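Visitor: Using the numbering used here, you'd call the opening residue of the sequence shown number 1 and step up by one each time. Ideal Cβ positions, reconstructed from N, Cα and C, are used throughout, including at glycine. Owing to the predicted nature of the structure, the values given are computational and were not obtained by experimental measurement.
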Amino acid sequence: MLATCVGPGPQVTMAKRSCSPPPAPACDSGRKAVRVDDADGCCYRWECDCLCTGFGDPHMRTFDGATYTLLDPCSYVLLQEKRKTYDLSVSADYFDCDARHHVSCPRTLVIAYKGNELRVGLASEVDFALRKIQLNGQTKKAPFTDKGFQVTSVKTDDFVVIADVRVKIQFNGLGFLIDVPRELFGDNTEGQCGTCNNRRGDDCAGRDGASRSADCCTRAAQDWLVADASTPLCARAVPLPPGAGCEVPPVVPAGGAGRWCRRWCRRWCRTGPAPTPRSATG
1 MLATCVGPGP QVTMAKRSCS PPPAPACDSG RKAVRVDDAD GCCYRWECDC
51 LCTGFGDPHM RTFDGATYTL LDPCSYVLLQ EKRKTYDLSV SADYFDCDAR
101 HHVSCPRTLV IAYKGNELRV GLASEVDFAL RKIQLNGQTK KAPFTDKGFQ
151 VTSVKTDDFV VIADVRVKIQ FNGLGFLIDV PRELFGDNTE GQCGTCNNRR
201 GDDCAGRDGA SRSADCCTRA AQDWLVADAS TPLCARAVPL PPGAGCEVPP
251 VVPAGGAGRW CRRWCRRWCR TGPAPTPRSA TG
């Protein structure tokens, strides 16, 4: 029943509202669908919330379950809004954490929200237990709540909650998790984590927004580079071809060609078994 107040006095009308509870959908991400109540609380619907993870090389898993590997020690956009609604973005800075196996690990997560920037990362590339947290350039120590961020640390894990938009982020030096509600971010995310919409097929897209096949995920992910002019490999993204394709000839940047070519070969010509990622607890 739906109750509505009418008139200046304490008068209430009651109206029957019928609901047909929908079946819970299967989520492409493999997660269980969550129940979302309507604004009046009478009926509900199901949503597939979105979880993006990166561990190891990093081995990436997008919001809707597409997987790929990215090896380059550069900075990339993980999540940003297609249409600025909540003013949220997340990027990651990677570094070479295992030169022998050419493995890159996330060094810092940069979380921007409503004009404020939170950096959660490693204070040392040798000891992953040493952390550095900065809010708008000022070093902070967890736990704290400020500027919409709730930050806590448990052993080797840092947790960030942005309660107003129900976003949860976890970082431990070896990897990260980004959990966002589809109710708020559905069809409005882009970046290496893909589009939060329970459609895996459009998660591999570059900055042009064109969806590419699963075997193009790595190339599409490279398009989300945050340019760094001081590093030849990370100076600029190799342009993606238009449409659904992904193969383009390499363009060698000026300077540092030898190192850049070795990176390119690692990216495309790597052979042998992939290295086993270190345990997040070991």
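I'd like the list of long-range same chain contacts for ASP223, defined as Cβ closer than 7 Å, with 5 residues on each side in sequence excluded.
Guide: Once the five neighbours on either side are set aside, the close Cβ partners of ASP223 are GLY206, ARG207, ALA237 and LEU240.
Visitor: Is LYS155 near the ligand FAD, judged by its Cβ being under 6 Å from some heavy atom?
Guide: By its list of ligands, the structure shown contains no ligand whatsoever, and the ligand FAD lies outside what it can speak to.
Visitor: With a threshold of 6 Å on Cβ separation, who are the neighbours of PHE185 within its own chain once the five nearest residues in sequence on each side are excluded?
Guide: Hits under 6 Å: CYS196.
Visitor: Taking buried to mean at least 16 other C-beta atoms within 10 Å of its own C-beta, is TYR94 buried or exposed?
Guide: That one is buried.
Visitor: Determine, using beta-carbon pairs with one atom in the region 133-145 and one in the region 167-183, whether at least three such pairs fall under 8 Å.
Guide: With a cut-off of 8 Å, the region 167-183 and the region 133-145 do not count as touching, because too few Cβ pairs lie within range.
Visitor: Have a look at ALA163 and LYS147 and give me their C-alpha separation to the nearest angstrom.
Guide: Rounded to the nearest angstrom, the two C-alpha atoms are 11 Å apart.
Visitor: Please go through the same chain and pick out, in chain order, the residues whose beta-carbon is closer than 6 Å to the beta-carbon of ARG219, but skip the five residues on each side of it.
Guide: Taken in chain order, the residues that qualify are CYS246.
Visitor: Taking C-alpha atoms, which residue in PRO25, ILE169, THR53 and LYS168 lies nearest to GLN192?
Guide: Residue THR53 is the option with its Cα nearest to GLN192.
Visitor: Comparing C-alpha positions only, which one of PHE149, CYS204 and GLY65 sits nearest to GLU190?
Guide: Among PHE149, CYS204 and GLY65, the Cα nearest to that of GLU190 belongs to CYS204.
Visitor: Specify the secondary structure class of CYS52 as computed by DSSP and reduced to three states.
Guide: Three-state DSSP puts CYS52 in a strand.
Visitor: In chain order, what are the residue ranges of uninterrupted beta strand (DSSP E) at least 3 long that sit wholly in the region 94-136?
Guide: Taking only runs of at least 3 residues, the beta strand (DSSP E) segments lying wholly in the region 94-136 are 103-113, 116-122 and 131-135.
Visitor: Between the alpha carbons of SER104 and THR67, how many angstroms are there, rounded?
Guide: Using only the alpha carbons, I get a separation of about 16 Å.
Visitor: In angstroms, rounded to a whole number, what distance separates the CA positions of TRP46 and ARG200?
Guide: Cα-Cα distance, rounded: 18 Å.
Visitor: Less than 7 Å separating the beta-carbons of ALA221 and LEU71?
Guide: Cβ atoms of ALA221 and LEU71: not closer than 7 Å.
Visitor: Identify which residue in GLU81, LYS141 and ALA129 has its Cα closest to the Cα of TYR113.
Guide: Nearest option by C-alpha distance: GLU81.
Visitor: Hey, PHE63 and GLY194: beta-carbon distance below 7 Å or not?
Guide: Contact: yes.
Visitor: So VAL284 and LEU118 are supposed to be a Cβ contact under 8 Å. How far apart are they, rounded?
Guide: Outside the displayed range of the chain (1 to 282) lies residue 284, so it cannot be described from this structure.
Visitor: Does SER20 pass the burial test, meaning 16 or more other C-beta atoms within 10 Å, or should it be called exposed?
Guide: Label assigned to SER20: exposed.
Visitor: Quick one, which of MET60, SER29, SER18 and HIS59 has its alpha-carbon nearest TYR44's?
Guide: Of the candidates MET60, SER29, SER18 and HIS59, the one whose C-alpha sits nearest the C-alpha of TYR44 is SER18.
Visitor: Answer yes or no: do ASP202 and SER213 have a C-beta to C-beta separation smaller than 7 Å?
Guide: No, Cβ-Cβ distance for ASP202 and SER213 is not below 7 Å.
Visitor: Are the CB atoms of GLY65 and ASP37 within a distance shorter than 7 Å?
Guide: It is not a contact, given that the beta carbons lie outside the stated cut-off.
Visitor: Hey, would you say ALA33 sits closer than 7 Å to CYS48, going by beta carbons?
Guide: Taking 7 Å as the Cβ cut-off, ALA33 and CYS48 qualify as a contacting pair.
Visitor: Identify, in the order they occur along the chain, each residue of the same chain with its Cβ nearer than 6 Å to the Cβ of ALA229, setting aside the five sequence neighbours on each side.
Guide: Cβ within range, chain order: ALA235.
Visitor: Nearest to TYR39 by CA position, among CYS217, ASN188 and GLU183, is which residue?
Guide: Before going further, note that residue 39 is Ala rather than Tyr in the sequence given. Ranking the options by Cα distance to ALA39, first place goes to GLU183.
Visitor: Going by the beta-carbon positions, is the gap between ARG31 and ASN188 smaller than 7 Å?
Guide: Not a contact, by the Cβ cut-off of 7 Å.
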